[in-house]
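Numbering (the UniProt record's numbering), first residue to last: 1 to 696.
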């Protein structure tokens with residue numbers, strides 16, 4: 001196992017990451033579900049509590065209404081009592097009105113004493129309601145201005161002694177007029193609930209008096225249904241001033257409720273307000289104008305079932321998450337098990353092993369999911385890489401063979417170029433020597449021409465010096481023969497140089513063919529390198545090493561292509577020089593032929609001169625006669641020799657150009673040889689890199 005595989009820790013593995021992501025998603029989903037469940041359950045609990053409170057409030061409202069109706073019936077019974085009605089009618093007739101003068105009201109109070117017997121009867125009628133309703137403590141009758149004219153506590157003369165102060169007393173409005181059920185009246189350290197009922201005049205609109213009942217607080221417990229609900233201690237019936245009218249603890253009656261929210265929260269009748277304040281759930285249900293059901297439940301206590309449900313959900317969710325993590329991890333580990341085989345195969349590919357044993361096995365290929373598809377693609381990629389490396393190796397071998405052949409041919413061309421250079425140097429030296437001889441012949445001809453002129457001027461001296469002239473002619477004849485021989489040698493050497501140059505052209509064409517072959521190989525190698533780079537890119541990280549080899553192959557192919565292009569240019573220059581040299585050789589050969597003909601003509605002239613000289617003694621007259629024509633011929637010879645000298649100079653210059661071209665060709669062949677050596681070295685290096693791969 002490679003170092004990278006060993007260093008792959010558990011928490012960095014793909015299966016752990018996927019499992020963790022799935023568990024996190026499940027955790028988020030379960031958290032959201034738990035949150036929504038908790039809020040929904042809390043809302044349900046609140047609605048249930050609100051419903052219970054509304055039921056209690058509705059029950060209280062019904063009980064209060066029933067109780068007040070009962071009290072109204074009792075008051076109606078009092079009003080229908082004849083003694084009470086007679087006394088009230090009398091007092092109503094004597095009553096000066098609420099807007100009367102104080103003296104008139106004083107006189108009215110005095111009249112009460114005058115009719116005390118009737119007051120006792122009226123007080124008895126007021127007290128009769130105590131027999132019908134247990135929790136009525138007392139009752140009194142007050143006129144519209146608040147003057148008490150009858151009190152159930154003053155029902156007799158004896159009772160009057162202790163309760164006389166209740167009669168004729170003018171009460172505050174909140175003790176007879178402005179009374180709503182639920183108002184607490186404290187008297188003699190006792191708390192009472194007051195309830196009034198107005199008495200109307202005959203017009204049905206004007207209130208003339210009020211019957212007021214003082215109720216024991218126990219009435220709210222006897223008449224109002226007891227609470228059989230959970231957290232009943234949190235339910236309180238309060239009045240508009242915040243005083244407790246009914247609570248589970250009776251000792252709390254008339255106490256001020258602790259939370260001022262219930263006092264400050266203004267509500268209309270039959271309306272409900274609720275709010276969470278300071279960790280408590282507060283609800284106020286207005287039953288009547290002066291009574292409201294106040295409920296204060298700690299939020300924690302109210303939501304205790306929901307909290308227990310939340311804990312249960314989280315516990316179950318935690319167990320589920322652990323099981324989900326375990327099952328997910330095992331499932332993903334089973335699904336991703338082939339990745340270990342992939343990693344091992346990629347490691348072998350990294351080390352250059354492309355054999356069949358690296359391929360994915362059959363059980364992975366049989367899978368129908370992405371893993372099976374990847375395994376099939378991996379095997380196909382491995383097969384393609386294997387074939388590609390084999391092809392590159394074959395091409396590299398061919399390239400190496402071509403490089404060796406190119407190296408050998410380059411050496412032969414270099415050797416031939418050196419021989420051509422040597423031959424051209426020899427030819428150049430011979431041309432210079434020939435030029436010197438031609439110049440010497442030209443001097444001789446010029447001297448001969450002068451002598452002929454002298455003969456023309458002095459025929460007798462010619463005759464006398466015939467022997468001397470004959471000797472000089474013999475010498476000139478020898479020089480001409482020598483020139484002919486030299487020119488013939490020059491012609492032969494020129495032909496040999498032409499053959500060498502033609503051979504050089506043929507070899508250059510062979511080198512050009514080899515360069516074309518190398519260029520084709522370079523193009524094929526470059527194409528193979530490109531295919532290798534594509535396959536390596538498709539292989540991803542596993543093909544990175546092979547991508548480097550492909551880059552080296554492509555670089556080698558590009559260098560080979562550059563070298564072959566350079567060689568082609570050098571060969572073109574060589575072929576151009578060769579063609580130029582061949583043309584120069586052809587021209588030189590023609591000029592040499594013309595020189596040979598001219599010199600042969602000169603030789604013939606010298607033969608004739610020799611013949612004439614031999615016959616000089618007998619033909620002196622003929623010599624003198626023909627001396628003019630001889631002078632002309634000698635001038636022609638001089639012109640011909642000048643032409644030969646010019647041709648020879650041109651030939652010498654061409655020989656120097658051929659020598660320079662030969663030297664340039666030699667340098668080019670040296671460069672070709674160096675390039676061939678480098679190409680051979682690069683091909684050997686490519687073969688060495690390819691041999692690092694293990695293929696079938």
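All C-beta atoms in this analysis are idealised placements derived from N, C-alpha and C, irrespective of residue type, glycine included. Predicted model only: the values in this text are computed from it and were never measured.
>> Taking only three categories from DSSP, how would you classify residue 5?
In response: For the purposes of this step, residue 5 is identified with residue 5 of the chain shown, where counting begins at 1. Any reading at residue 5 must be qualified, since the residue scores a pLDDT of 46, below 50, and its modelled position is unreliable; the value itself is stated next. Here residue 5 sits in helix by DSSP.
>> Assuming residue 209 and residue 138 are in contact, meaning their beta carbons sit under 8 Å apart, how far apart are those beta carbons, in whole angstroms?
In response: Here residue 209 is taken as the residue at index 209 of the chain shown, counted from 1. Here residue 138 is taken as the residue at index 138 of the chain shown, counted from 1. With 8 Å as the limit, residue 209 and residue 138 do not qualify as a contact, their Cβ atoms being about 17 Å apart.
> Are the beta-carbon atoms belonging to residue 615 and residue 442 less than 8 Å from one another?
Replying inline: Residue 615 sits at position 615 when you count from the first residue of the chain shown. Residue 442 sits at position 442 when you count from the first residue of the chain shown. No, the Cβ-Cβ distance between residue 615 and residue 442 is not below 8 Å.
> In whole angstroms, what separates the C-alpha of residue 472 from that of residue 607?
Replying inline: Locating residue 472 in the chain shown gives position 472, counting from the first residue. Locating residue 607 in the chain shown gives position 607, counting from the first residue. Each residue's Cα considered, the two are about 12 Å apart.
> What's the C-alpha gap between residue 349 and residue 318?
Replying inline: One-based indexing of the chain shown puts residue 349 at position 349. One-based indexing of the chain shown puts residue 318 at position 318. So the two alpha carbons sit approximately 45 Å from each other.
>> Within a Cβ cutoff of 6 Å, which residues of the same chain sit near residue 254, ignoring the five residues on either side of it in sequence?
In response: Indexing the chain shown from 1 puts residue 254 at position 254. Within the same chain, residue 254 has close Cβ partners 184, 191, 243.
> By DSSP, does residue 166 sit in helix, in strand, or in coil?
Replying inline: Residue 166 sits at position 166 when you count from the first residue of the chain shown. Residue 166: helix per DSSP, three-state reduction.
>> For residue 118 and residue 84, I'd like the C-alpha separation in whole angstroms.
In response: Position 118 of the chain shown holds residue 118. Position 84 of the chain shown holds residue 84. In a straight line, the C-alpha of residue 118 is about 8 Å away from that of residue 84.
>> Using a 10 Å radius around the Cβ and a threshold of 16 neighbouring Cβ atoms, would you call residue 685 buried or exposed?
In response: In the chain shown, residue 685 corresponds to position 685, counting from 1. Classification for residue 685: exposed.
> With distances taken from CA atoms, which of 229, 217, 22 is nearest residue 246?
Replying inline: Sequence index remark: in the chain shown, residue 246 carries index 246 (1-based). Taking only the C-alpha atoms, the option nearest residue 246 is 217.
> How close, in whole Å, do the beta carbons of residue 293 and residue 224 come, if the pair is a contact with beta carbons under 8 Å?
Replying inline: Within the chain shown, the letter at position 293 stands for residue 293. Within the chain shown, the letter at position 224 stands for residue 224. With a Cβ gap of about 11 Å, residue 293 and residue 224 do not count as contacting.
> If you draw a straight line from the alpha carbon of residue 425 to that of residue 563, how long is it in whole angstroms?
Replying inline: Stepping through the chain shown from its first residue, residue 425 is reached at position 425. Stepping through the chain shown from its first residue, residue 563 is reached at position 563. Distance between the alpha carbons of residue 425 and residue 563: 31 Å.
> Starting from residue 135 and walking both ways along the beta strand (DSSP E), at which residues does that stretch end?
Replying inline: Here residue 135 corresponds to residue number 135 of the chain shown, with the count starting at 1. Neither: residue 135 is in no beta strand (DSSP E) and is coded neither H nor E.
>> For residue 328, count the other beta carbons within 10 Å of its own beta carbon; 16 or more makes it buried, fewer makes it exposed. Which is it?
In response: Residue mapping note: residue 328 aligns to position 328 of the chain shown, counting from 1. The residue in question, residue 328, is buried, as its Cβ has 16 or more Cβ neighbours within 10 Å.
> Would you say the segment 169-186 touches the segment 113-129, given that touching needs at least three Cβ pairs under 8 Å?
Replying inline: no
> Which parts of the segment 78-160 are runs of the alpha helix (DSSP H), unbroken and 4 residues or longer, counting only runs that do not cross its ends?
Replying inline: 82-94, 102-114, 116-132
>> Please report the distance separating the alpha-carbon of residue 280 from that of residue 303.
In response: Numbered from 1 along the chain shown, position 280 holds the residue referred to as residue 280. Numbered from 1 along the chain shown, position 303 holds the residue referred to as residue 303. Computed Cα separation, rounded: 11 Å.
>> Could you compute how far the alpha carbon of residue 353 sits from the alpha carbon of residue 389?
In response: Numbered from 1 along the chain shown, position 353 holds the residue referred to as residue 353. Numbered from 1 along the chain shown, position 389 holds the residue referred to as residue 389. Using only the alpha carbons, I get a separation of about 11 Å.
>> According to DSSP, is residue 401 part of a helix, a strand, or is it coil?
In response: In the chain shown, residue 401 corresponds to position 401, counting from 1. In this structure, residue 401 counts as helix in the three-state DSSP scheme.
>> Bridge partners for residue 212 per DSSP, in chain order?
In response: Counting from 1 along the chain shown, the entry for residue 212 is found at position 212. Answer is 140, 196.
> Would the beta-carbon of residue 514 fall within 8 Å of that of residue 409?
Replying inline: The count along the chain shown starts at 1 and reaches residue 514 at position 514. The count along the chain shown starts at 1 and reaches residue 409 at position 409. Yes. Within cutoff.
> When you compare each of 675, 195, 239, 516 to residue 288 by their alpha carbons, which one comes out closest?
Replying inline: Translated into the one-based positions of the chain shown, residue 288 becomes position 288. Nearest of 675, 195, 239, 516 to residue 288, Cα basis: 239.
> Run through DSSP, which three-state label would residue 303 get?
Replying inline: Position 303 of the chain shown, counting from 1, holds the residue named residue 303. Reduced to three states, the DSSP call for residue 303 is coil.
> Around the Cβ of residue 144, are there at least 16 other Cβ atoms within 10 angstroms (buried) or fewer (exposed)?
Replying inline: Taking the first residue of the chain shown as position 1, residue 144 is located at position 144. By the neighbour-count rule (16 or more Cβ atoms within 10 Å), residue 144 is buried.
>> Would you say the beta carbon of residue 567 is closer than 7 Å to some non-hydrogen atom of the ligand PLP?
In response: For the structure depicted, the ligand PLP is absent and the ligand set is empty, with no information on it obtainable.
> Apart from the five residues on each side of it in sequence, which residues of its chain come closer than 6 Å, Cβ to Cβ, to residue 263?
Replying inline: For the purposes of this step, residue 263 is taken as residue 263 along the chain shown, with counting starting at 1. Closer than 6 Å at the Cβ level, and outside the excluded window around residue 263, lie 242.
> Where does residue 171 fall in DSSP's three states?
Replying inline: Position 171 of the chain shown, counted from the first residue, corresponds to residue 171. Reduced to three states, the DSSP call for residue 171 is coil.
> If we count the other Cβ atoms within 10 Å of its Cβ and call it buried at 16 or more, is residue 53 buried or exposed?
Replying inline: Taking the first residue of the chain shown as position 1, residue 53 is located at position 53. When all chains shown are included, residue 53 counts as buried.
> Does DSSP classify residue 388 as helix, strand or coil?
Replying inline: Walking along the chain shown from the start, residue 388 turns up at place 388. Looking at residue 388 - three-state DSSP - the assignment turns out to be helix.
> Buried or exposed: which applies to residue 401, given that a residue is buried once 16 or more other Cβ atoms fall within 10 Å of its Cβ?
Replying inline: In the chain shown, counting from the first residue as 1, residue 401 sits at position 401. Classification of residue 401: exposed, given that the 10 Å Cβ count is below 16.
> If we count the other Cβ atoms within 10 Å of its Cβ and call it buried at 16 or more, is residue 493 buried or exposed?
Replying inline: Within the chain shown, numbered from 1, the residue matching residue 493 stands at position 493. Classification of residue 493: buried, given that the 10 Å Cβ count is 16 or more.
>> Helix, strand or coil for residue 649? Go by DSSP, reduced to three states.
In response: Numbered from its first residue, the chain shown carries residue 649 at position 649. The answer is helix: DSSP assigns residue 649 an H, G or I state.
>> Could you check whether the segment 129-138 touches the segment 149-160, counting it as contact only if at least three pairs of C-beta atoms, one from each stretch, sit closer than 8 Å?
In response: yes
> So, do the segment 28-45 and the segment 77-97 have three or more beta carbon pairs nearer to each other than 8 Å?
Replying inline: no
>> Taking the straight line between their C-alpha atoms, what separation do you get for residue 120 and residue 141?
In response: Residue 120 sits at position 120 when you count from the first residue of the chain shown. Residue 141 sits at position 141 when you count from the first residue of the chain shown. Going by the C-alpha atoms only, they are around 12 Å apart.
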